[in-house]
Structure formats: C-alpha cells, structure tokens
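Residue numbers (the numbering used here): 18 to 691.
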C-alpha cells in the first residue's frame with residue numbers, strides 16, 4: 018500500500034496545479050482575446066480620418082454688410098474649437114456621459130461589465146455603457162446597429178482612438194459631431210437652436226440642459242417636453258456636483274433657474290429669396306454638394322438694408338398704379354441695382370412676393386423694352402463713327418417692308434407728331450421712334466446685333482427693324498447690365514452675386530471676375546452725356562428728383578403694357594420694370610416716365626449710402642464744342658456737345674460742317690417709294 022504524501026506537500030502540489038491551470042486559462046483567454054481582436058480588426062475602418070476631423074458643416078451666407086441671409090446645410094452644424102467651449106459645458110457632458118473619461122483608455126471596463134450583465138439577462142442590447150470615445154467611434158466609423166459584434170468593434174476602435182488622439186482632440190470631435198435634437202448637430206448648433214446664442218455665451222443651466230439631451234434628443238427636447246428636459250437638466254447638475262465640478266449649492270441654484278428658451282431662426286431672409294435662389298443655383302455649379310457640407314462663409318453682393326427698403330417702395334408703387342387705374346389686381350415689378358465698379362448685384366427683386374410666386378421677373382422674364390433699347394442703337398452708330406451726338410436726322414413718317422411679303426410697316430412716334438430735322442441728341446432726348454428706326458437702318462442689323470451681344474444682351478433679337486423700338490423680349494438683368502457699360506467707361510463687367518468666399522479655415526477662395534472693354538471710353542462718355550440729357554430735359558426728367566448727376570432712359574410698350582426705366586449715377590446702375598404677368602395694359606398714360614421712373618427714384622433714394630454728386634470725368638479723347646441745336650419744345654439753344662477728337666466740327670457756335678448723316682435716309686428710302 019503506497020504511502021500517503023504529507024499534507025504540506027499535497028497542498029503545495031495543488032497550488033502548483035492551480036497556478037498551471039490558471040496560467041493556461043489566462044493564456045487561453047489571452048489567445049482567444051487576441052484572436053477576437055485580430056479577427057475584428059481585419060475589417061475595421063481606419064481611424065486616420067479622425068486626425069483631420071472635418072465634419073459636414075453648414076454654409077453661412079452673409080450680405081454685403083455682414084448680415085446673415087441664409088444657412089445652407091445637409092446637417093446643421095457649426096464646428097467650434099474646444100477653446101471656445103466653456104469648461105462647465107465640457108464638465109456637464111463628462112459628468113453625465115463618461116465620468117472616468119480622463120482616467121480610462123477609451124473603455125470603462127466597470128461600465129462595460131455592468132452593462133454586459135444587464136444585456137445577458139435581457140438577451141439583447143439594453144444598456145450601452147459606452148464611453149465618450151466609444152460614442153465617437155460609433156458615430157463616425159460604425160453603424161448604429163445594436164449587436165454584440167458592433168459593440169466589440171466599437172470597443173476596439175475606442176481603444177485605438179484613445180491611443181492615437183489626446184483627450185481634448187476626442188472631446189472636440191464629440192462635441193461637434195453629436196446630435197442634440199431639433200436638427201442641431203454639435204454644441205454650437207444646439208446653443209443657437211435652443212437659446213439663439215453662441216456656445217461660449219451659454220450659462221450653466223443652459224449648458225446642463227444641452228448636455229442632458231444626449232441619450233434621447235427627441236424625448237428630452239425642451240420645445241416639446243419642457244418638464245422632461247428640466248428633470249434631465251437636474252440630473253446633469255447633480256452629477257456635476259457629485260463629481261466635484263460644482264458645489265451642491267450651485268447645482269441647486271441652477272436647478273431653480275427657469276427654462277428660458279429663445280429659438281434660433283435658421284430660415285432664409287424672405288426679402289432676399291429671389292436673390293438667394295439665383296445665388297444657390299450658380300454656386301451649386303461651382304461647389305456641387307459640398308456647398309451644403311463645406312462650411313463656407315459667403316459674403317454675397319446683396320445689400321439687405323437697401324433690398325428691404327426697395328421692396329417696400331416697389332409694393333407702394335405697384336399699389337399706387339393699381340389704385341389710380343381702378344384695377345383690382347396689382348401689377349408685378351422687378352428691380353436690379355448694380356455696383357458699377359465691381360459689377361456686384363446690390364438689389365435684386367423678382368416680384369412682389371417670392372413665397373406667393375417664385376418666378377423671377379428680373380432674370381427669367383423676357384419683356385419688350387420699348388424705347389429703353391434705343392441707346393444700344395445710338396452707341397453702335399457713335400462707336401462705328403457713323404454719327405455724332407450733333408448729327409442731323411429727319412423725324413418724319415416712314416414706311417418699311419413688313420415681315421410678310423407684300424406687307425408694310427409704318428413706325429409712329431408716341432405723340433403721333435414729327436419734329437423734322439433734329440439732332441441725334443434731340444432724337445434720343447424725346448425718344449423719337451422714326452429716328453431710331455432710321456438710325457438702325459444706317460447702322461445695319463448685323464452690327465447692331467454684334468453691339469447688343471457685346472453689351473451682354475443674350476436673348477434672341479428680331480431680325481427686322483422693329484428691334485429698334487424694343488420689339489424683342491429682354492430680361493431686366495440684360496438691359497441693366499448693358500447700361501452699366503456706359504457708366505463703366507466702356508468696360509463690360511459680368512454681374513456678380515458674391516463679394517468673397519472663405520473656406521472653413523478662413524482662407525479666401527479666388528473668384529473669377531469677367532471684365533472686358535467693349536466700347537471705347539469716348540463712346541461710353543458720349544452715351545453718358547446723351548442719357549444725362551434725357552434726364553435733364555427729356556422723357557426721364559423724373560430722375561432729376563434724385564438730386565445728383567444721373568442718366569437714363571424710359572421704355573414704354575404698346576398699350577402701356579410694360580413700363581421701364583434704366584438709369585445710372587457714376588457708382589450705381591439700376592433698372593426697374595413694371596407690368597402684368599398676363600400681358601395687359603397697366604393703364605392709360607402709364608409710361609416709363611410716369612410708372613417706372615418714380616419707382617427708380619424712390620429705390621435709388623432708399624440706398625443706405627450716399628452718391629457721388631459730380632458728373633463723370635471725360636476721357637482724353639473727348640473734345641467739347643458749342644453747337645446749335647433746335648428742340649421743337651424748347652426752341653434753338655447752344656449745347657456744349659462732346660465729340661471724339663477725330664470727329665470735331667471745324668467751326669464752333671455753328672452746325673457741324675461735317676454732317677455724318679446728311680440726307681442719307683431720303684437718299685436711301687425715297688427711291689424705294691417711301
């Protein structure tokens with residue numbers, strides 16, 4: 018019979034065996050954990066993008082003066098650095114969501130164990146036990162499915178993130194990424210959404226309320242469930258006191274604070290909707306979908322103060338026209354004002370009310386401009402040296418071939434009267450239709466069309482001489498842009514809706530500015546002179562009420578269906594149009610001078626900035642000569658007329674010997690039987 022080993026030896030043997038078994042188990046567990054880690058790590062997303070965290074961010078659109086016009090976004094988020102987040106807001110989130118955030122390495126094993134026990138009992142994921150780092154991993158790198166597999170991946174990623182990033186970097190990501198209800202992503206958006214202030218302006222009670230939204234943003238939304246939101250706020254404040262961030266007295270005082278919500282307004286400015294619709298359309302072409310995620314700051318060209326006042330003036334004028342003509346329906350109108358120096362659109366109004374009708378009459382509508390088209394003919398003749406401002410033309414009845422074979426067209430003056438021999442200056446001042454058609458005939462349609470295109474007219478023009486009387490539909494933008502060339506000394510500037518754009522890092526993005534000379538400076542100046550004469554003593558006399566140097570031209574179509582006035586000062590070119598969408602008369606004698614020009618004056622006067630009072634300076638190639646001019650309404654007068662240097666008359670104080678247009682129309686038209 019074998020001898021039994023001593024008790025001490027048996028205990029030692031059992032101890033060694035226990036150590037061996039424990040070691041084997043530990044090694045096995047470690048191996049299993051390693052294999053699990055290795056297996057799940059194979060298909061894990063890379064955390065490298067977190068090092069350069071740039072979440073989708075809202076684009077902010079500001080006006081010319083820095084007033085907010087709109088926010089464009091896919092997710093309403095305004096990322097802020099951690100330095101702008103008040104310490105008590107950080108402490109509120111840490112206390113409520115992850116008290117040991119600064120101690121663990123991405124995983125809080127006690128919280129995980131506690132949650133795991135609950136989940137096993139329920140046989141489903143019930144309690145998360147997630148740290149802030151795990152929430153970052155889930156939000157940015159994983160789906161939100163509630164499975165053990167996803168939880169394992171989340172744990173591995175959290176450990177990797179904590180190893181790669183600092184605690185402050187993790188918090189920066191978390192506080193900017195987290196969804197906090199009511200469409201707000203991140204703490205800055207939440208501060209603006211619930212309290213209409215920046216995150217750094219939040220009080221302790223406000224910060225605690227925002228931190229309390231995390232588990233269930235919809236449930237604790239203070240707009241919908243204020244009582245639940247206050248209970249959750251109290252919980253957060255209690256946790257902050259328990260963690261030693263604030264005193265119990267401070268917590269109780271904050272709990273007693275009333276809920277003072279001040280909802281932020283993220284809707285676009287209604288007065289700017291016509292402008293914003295075009296701006297968005299153009300910028301989408303440049304930036305694509307990134308326009309809504311790139312966090313750009315866009316300084317638009319619009320002057321909101323001026324825009325708001327211009328809308329008031331438009332509505333007043335439209336109601337006045339309807340009232341004095343006893344119309345039940347109010348006409349429509351459109352306004353565009355351009356900064357001559359930059360080509361910037363400072364005012365753009367496409368109708369009375371965007372919310373009622375989104376059709377933009379300033380850009381999309383094509384309406385007959387009537388006599389407002391005539392300056393393009395005069396500019397062509399002067400640029401081509403076919404005529405000067407003092408050249409003579411016969412204002413008389415004429416007949417031209419019609420559009421159909423065997424038909425005829427006889428243009429008539431507005432007043433059905435004829436002045437006889439007059440200068441081109443007088444012809445434009447009094448908007449003589451027959452003179453305009455004759456001048457267009459002398460210029461020729463091909464050259465006229467080339468000039469119109471160079472001035473920015475893109476709409477198709479009728480291939481007959483009715484175009485001289487504005488028979489072809491144009492947009493208000495086109496015609497206003499064309500007049501701005503005269504104010505810009507012959508330089509065409511494509512209109513711009515943007516002053517500047519900055520990316521999310523504050524770096525300015527270069528913008529292309531289209532600018533080219535399309536008229537000589539001399540021609541542009543002579544056109545300024547002629548159009549100023551229209552204001553001084555012609556159909557645009559109403560514009561004198563502005564009180565500064567101004568030039569412009571009226572436009573009226575048949576039966577008073579459209580009323581136009583396009584005018585400019587040295588710094589601003591502004592165009593207005595009034596009419597009905599379903600073409601019909603505005604009312605008897607509702608001409609460009611009576612219906613549109615007064616609106617132009619009101620709009621120009623409502624500009625927040627003052628105007629230059631002095632007249633434009635003539636370029637070097639301009640020479641002034643005193644010429645005799647006969648105005649049937651004013652009699653004979655001496656006019657100090659500008660000429661191109663090469664076209665200066667030989668004698669002063671007399672009609673020019675060099676008559677650029679002697680009897681050309683009689684010579685050409687009379688043999689044809691007209």
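Glycine residues also receive a C-beta, built at the ideal position from the N, C-alpha and C atoms.
Once DSSP output is grouped into helix, strand and coil, what is the label at residue i?
{"i": "residue 385", "result": "coil"}
{"i": "residue 59", "result": "Per-residue confidence for residue 59 stands at a pLDDT of 48, beneath the threshold of 50, marking its modelled position as unreliable; no derived number is given."}
{"i": "residue 88", "result": "strand"}
{"i": "residue 534", "result": "strand"}
{"i": "residue 106", "result": "helix"}
{"i": "residue 640", "result": "strand"}
{"i": "residue 283", "result": "coil"}
{"i": "residue 615", "result": "helix"}
{"i": "residue 516", "result": "strand"}
{"i": "residue 570", "result": "strand"}
{"i": "residue 603", "result": "coil"}
{"i": "residue 609", "result": "helix"}
{"i": "residue 124", "result": "coil"}
{"i": "residue 589", "result": "strand"}
{"i": "residue 661", "result": "strand"}
{"i": "residue 425", "result": "strand"}
{"i": "residue 525", "result": "strand"}
{"i": "residue 463", "result": "helix"}
{"i": "residue 417", "result": "strand"}
{"i": "residue 328", "result": "helix"}
{"i": "residue 549", "result": "helix"}
{"i": "residue 253", "result": "helix"}
Does residue i pass the burial test, meaning 16 or more other C-beta atoms within 10 Å, or should it be called exposed?
{"i": "residue 240", "result": "exposed"}
{"i": "residue 376", "result": "exposed"}
{"i": "residue 495", "result": "buried"}
{"i": "residue 246", "result": "buried"}
{"i": "residue 244", "result": "exposed"}
{"i": "residue 348", "result": "buried"}
{"i": "residue 328", "result": "buried"}
{"i": "residue 501", "result": "buried"}
So what does residue i bridge to, in DSSP terms?
{"i": "residue 351", "result": "594"}
{"i": "residue 362", "result": "355"}
{"i": "residue 93", "result": "201"}
{"i": "residue 274", "result": "DSSP lists no partner for residue 274."}
{"i": "residue 176", "result": "None; residue 176 has no bridge partner."}
{"i": "residue 645", "result": "655"}
{"i": "residue 692", "result": "With the chain covering only 18 through 691, there is no way to say anything about residue 692."}
{"i": "residue 311", "result": "74"}
If you follow the beta strand (DSSP E) that residue i is in, where does it begin and where does it stop?
{"i": "residue 439", "result": "437 to 440"}
{"i": "residue 581", "result": "579 to 585"}
{"i": "residue 79", "result": "76 to 79"}
{"i": "residue 411", "result": "409 to 412"}
{"i": "residue 263", "result": "Counting along the chain, residue 263 falls outside any beta strand (DSSP E), and DSSP gives it neither H nor E."}
Which stretch, first to last residue, makes up the alpha helix (DSSP H) that contains residue i?
{"i": "residue 509", "result": "Where residue 509 is concerned, there is no enclosing alpha helix (DSSP H), although the beta strand (DSSP E) it sits in stretches over 508 to 510."}
{"i": "residue 398", "result": "391 to 400"}
{"i": "residue 499", "result": "493 to 504"}
{"i": "residue 185", "result": "184 to 194"}
{"i": "residue 430", "result": "Residue 430 -> no alpha helix (DSSP H), and no H or E assigned at all."}
{"i": "residue 451", "result": "450 to 460"}
{"i": "residue 240", "result": "Unbroken run through residue 240: none, as it is neither H nor E."}
{"i": "residue 223", "result": "221 to 228"}
{"i": "residue 295", "result": "290 to 304"}
Whole angstroms is fine: what's the gap from residue i's alpha carbon to residue j's?
{"i": "residue 655", "j": "residue 644", "result": "6 Å"}
{"i": "residue 88", "j": "residue 282", "result": "10 Å"}
{"i": "residue 653", "j": "residue 443", "result": "11 Å"}
{"i": "residue 624", "j": "residue 76", "result": "28 Å"}
{"i": "residue 533", "j": "residue 357", "result": "14 Å"}
{"i": "residue 594", "j": "residue 418", "result": "31 Å"}
{"i": "residue 459", "j": "residue 397", "result": "10 Å"}
{"i": "residue 630", "j": "residue 566", "result": "6 Å"}
{"i": "residue 555", "j": "residue 568", "result": "11 Å"}
{"i": "residue 714", "j": "residue 537", "result": "A query on residue 714 cannot be resolved here, the shown segment of the chain reaching from 18 to 691 and no further."}
{"i": "residue 579", "j": "residue 498", "result": "19 Å"}
{"i": "residue 598", "j": "residue 523", "result": "44 Å"}
{"i": "residue 640", "j": "residue 542", "result": "11 Å"}
{"i": "residue 152", "j": "residue 279", "result": "29 Å"}
{"i": "residue 225", "j": "residue 202", "result": "17 Å"}
{"i": "residue 592", "j": "residue 480", "result": "25 Å"}
{"i": "residue 613", "j": "residue 450", "result": "20 Å"}
Just to confirm, does residue i get its C-beta within under 7 Å of one of the non-hydrogen atoms of the ligand SAM?
{"i": "residue 450", "result": "Annotation note on the ligand SAM: not contained in the displayed structure, which lists no ligands."}
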